[in-house]
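The structure appears right after this line, and notes come after that.
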Amino acid sequence: MLPIQLLRTNKELVLAGLKKKNFKDLELVDKIIDIDERRRALQVENDTLAASVNSASKQIGQLMAKGEKDKAEEMKAEVAKNKGRAAEIATQLSAMENEQFDMLVMLPNMPHSSVPDGKTPEENVVVRSGGTRPALNAQKLPHWELTEKYGLMSLELGTKITGAGFPVFMGQGARLQRALINYFLSYNTHAGYKEYCPPFMVNEDSAYGTGQLPDKEGQMYHVTADGFYLIPTAEVPVTNIYRDTIIKESDLPVKMTAYSPCFRREAGSYGKDVRGLNRVHQFDKVEVVQLVHPEKSYEVLEEMVGHVEKLVQSLELEYRILRLCGGDMSFASALTYDFEIYSAAQERWLEVSSVSNFETFQTNRMKARFKDSNGKTQLVHSLNGSSLALPRIMACLLENHQTPEGVVIPEALVPFFGKKMIN
RNA sequence: GGAGAGAUGCUCGAGUGGUUGAAGAGGCACGCCUGGAAAGUGUGUAUACUUGUCAAAGAGUAUCCAGGGUUCGAAUCCCUGUCUCUCCGCCA
-14 MLPIQLLRTN KELVLAGLKK KNFKDLELVD KIIDIDERRR ALQVENDTLA ASVNSASKQI
46 GQLMAKGEKD KAEEMKAEVA KNKGRAAEIA TQLSAMENEQ FDMLVMLPNM PHSSVPDGKT
106 PEENVVVRSG GTRPALNAQK LPHWELTEKY GLMSLELGTK ITGAGFPVFM GQGARLQRAL
166 INYFLSYNTH AGYKEYCPPF MVNEDSAYGT GQLPDKEGQM YHVTADGFYL IPTAEVPVTN
226 IYRDTIIKES DLPVKMTAYS PCFRREAGSY GKDVRGLNRV HQFDKVEVVQ LVHPEKSYEV
286 LEEMVGHVEK LVQSLELEYR ILRLCGGDMS FASALTYDFE IYSAAQERWL EVSSVSNFET
346 FQTNRMKARF KDSNGKTQLV HSLNGSSLAL PRIMACLLEN HQTPEGVVIP EALVPFFGKK
406 MIN
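With my numbering applied, the first sequence covers -14 to 408.
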């Protein structure tokens, strides 16, 4: 959520940012500024009235103590007159506060100045790339055939048990999942991230806190009987650990990592883009989250990108890093880098990680703050990234490392997988 | 699922209708003391919104789990909900 002060003092900047993010409803800004003005005027009225009731009540108390009952009764009658009005105004005020909040949360975050202009994924900018493309022969197989060949995964079984898009991993496939999760978590904890195992469902406050609500309501599975949402990423429960807290400055940066399954409804896609593991409703992911001093967040963003990059490199895959353009960035992000891996059998790039700086967009809503050296309370900046999302990594590992003898496991992963090859 | 107890500031803890935003203690910060430290001692130590200002100081409102209610006035009384703890039952 953007701070209202920003709209009040720098409307032009906000409008420019919204345009860059390809946000359509620009009139919303004026509506918010307007209601904010009216709300504040009403609050002044409300507070004044409440102040007079309060001071009268104190006087009544003193009169009673002195035994001047008549005078006290007189004042009571007077206060009673004001009370009706006060209640009316208070009701109006809270309605206005809600209305303002509801509009404010509709606005996406401001993009950082380095975000490229653009509306579609084609306009993202490649910032660097690495790794090598394997030379596969004509018999190369896409991962959905490799998983079948080695008995690693079944979509049919998942459909039987649950529905389309819920893969079942088995045998060496299940083992590879476990190995990847373990590897990623230890890689992260070695870099100083504290490991968490959070709940996989969250309440509404948490979903608002990280910006999934109201923007992505339809993309989350909703457990209506209890009002919970299945998490679309561990970012949600993990970042919300610090909701409504004031962090000691000396405890910054807060570095957290967690494995979780991720649930996404993702309606509306079809075709070869979603075949096999390319897009599923439930998948596993290891996430890294940092809460940092506002002055450090862009430095930390680069550090996190470097962290994920080394991890990708260790898997011996060809990758590229994109800086997302304004129109392709997520609602809450100020600057996002996507990691894509080249799938040699599908001959296309697959997104496996997304690392973003949210600045204060999430922490403003969550009230995650710290006290600076002057004793002033400020919002921290939040960042997160995938390290990594499993299904596409698995797809790329299988495809890129396939040989006639089997799938070669990258060296870094061997200690976790326990053998050098899937066959 | 059944029975009971409870929820107050960074922590512990007092407080059953009227200068209580909240005693007291601890912690923490800063100062004094000290050659330095400990001890001692003094001061300070919530959050949000509004107002004010170049900034501040200052002022107002709200907040003692949450939401309602009673009252001129509620941390304190009433109702509802949530959570925690103890005992019993059930259970991975």
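Here a beta-carbon is modelled for each residue, glycine too, at the ideal position from N, C-alpha and C. Since the model is a prediction, treat every value here as computed from it, not as a measurement.
Looking at the DSSP output, residue 214 bridges to 187, 207.
Burial is judged here by how many other beta carbons sit within 10 angstroms of a residue's own beta carbon; residue 45 has at least 16 and is buried.
Put simply, the backbone Cα of residue 127 is about 6 Å away from that of residue 331. In this structure, the beta-carbon distance from residue 109 to residue 310 falls below 9 Å.
In the three-state DSSP reduction, residue 135 falls in the helix class (H, G or I).
With contacts defined by Cβ atoms closer than 9 Å, residue 339 and residue 371 form a contacting pair. Three or more beta-carbon pairs drawn from the segment 276 to 296 and the segment 338 to 356 are found closer than 8 Å, and the two stretches are therefore classed as touching.
The shortest C-alpha to C-alpha distance from residue 316 to any of 90, 69, 385 is the one to 90. Going by C-alpha positions, residue 242 is about 14 Å away from residue 165. When Cβ pairs closer than 8 Å are counted between the two stretches, the segment 82 to 89 is seen to touch the segment 18 to 25, the count reaching three or more. Spatial neighbours of residue 192 in its own chain (CB-CB distance under 8 Å, excluding positions within 5 residues in sequence) are listed in chain order as 198, 205, 214, 221. Secondary structure of residue 374 (DSSP, three-state): strand. Looking at 307, 379, 359, 387, the one whose alpha-carbon comes closest to that of residue 160 is 379. By alpha-carbon distance to residue 362, the top candidate from 195, 71, 231, 28 is 231.
Taking residue 122 as the centre and dropping the five residues before and after it, the same chain places no C-beta closer than 7 Å to its C-beta. In the DSSP annotation of this structure, the continuous segment of the beta strand (DSSP E) that includes residue 115 starts and ends at 110 to 115. Each residue's CA atom was taken as its position, placing residue 216 and residue 233 some 28 Å apart. The segment 130 to 145 makes no contact with the segment 345 to 359: fewer than 3 CB pairs, one atom from each, lie closer than 8 Å. Within its own chain, the residues whose Cβ lies closer than 7 Å to the Cβ of residue 183, once the five positions on either side in sequence are excluded, are 219, 222, 223, 243, 245, listed in chain order.
Under the three-state reduction of DSSP output, residue 93 falls in the coil class, being neither helix nor strand. In this structure, the CA atom of residue 293 is about 27 Å from the CA atom of residue 5.
Residue pairing by DSSP places residue 243 opposite 181, 272 in a beta bridge. In the structure shown, residue 194 adopts helical secondary structure according to DSSP, grouped into three states.
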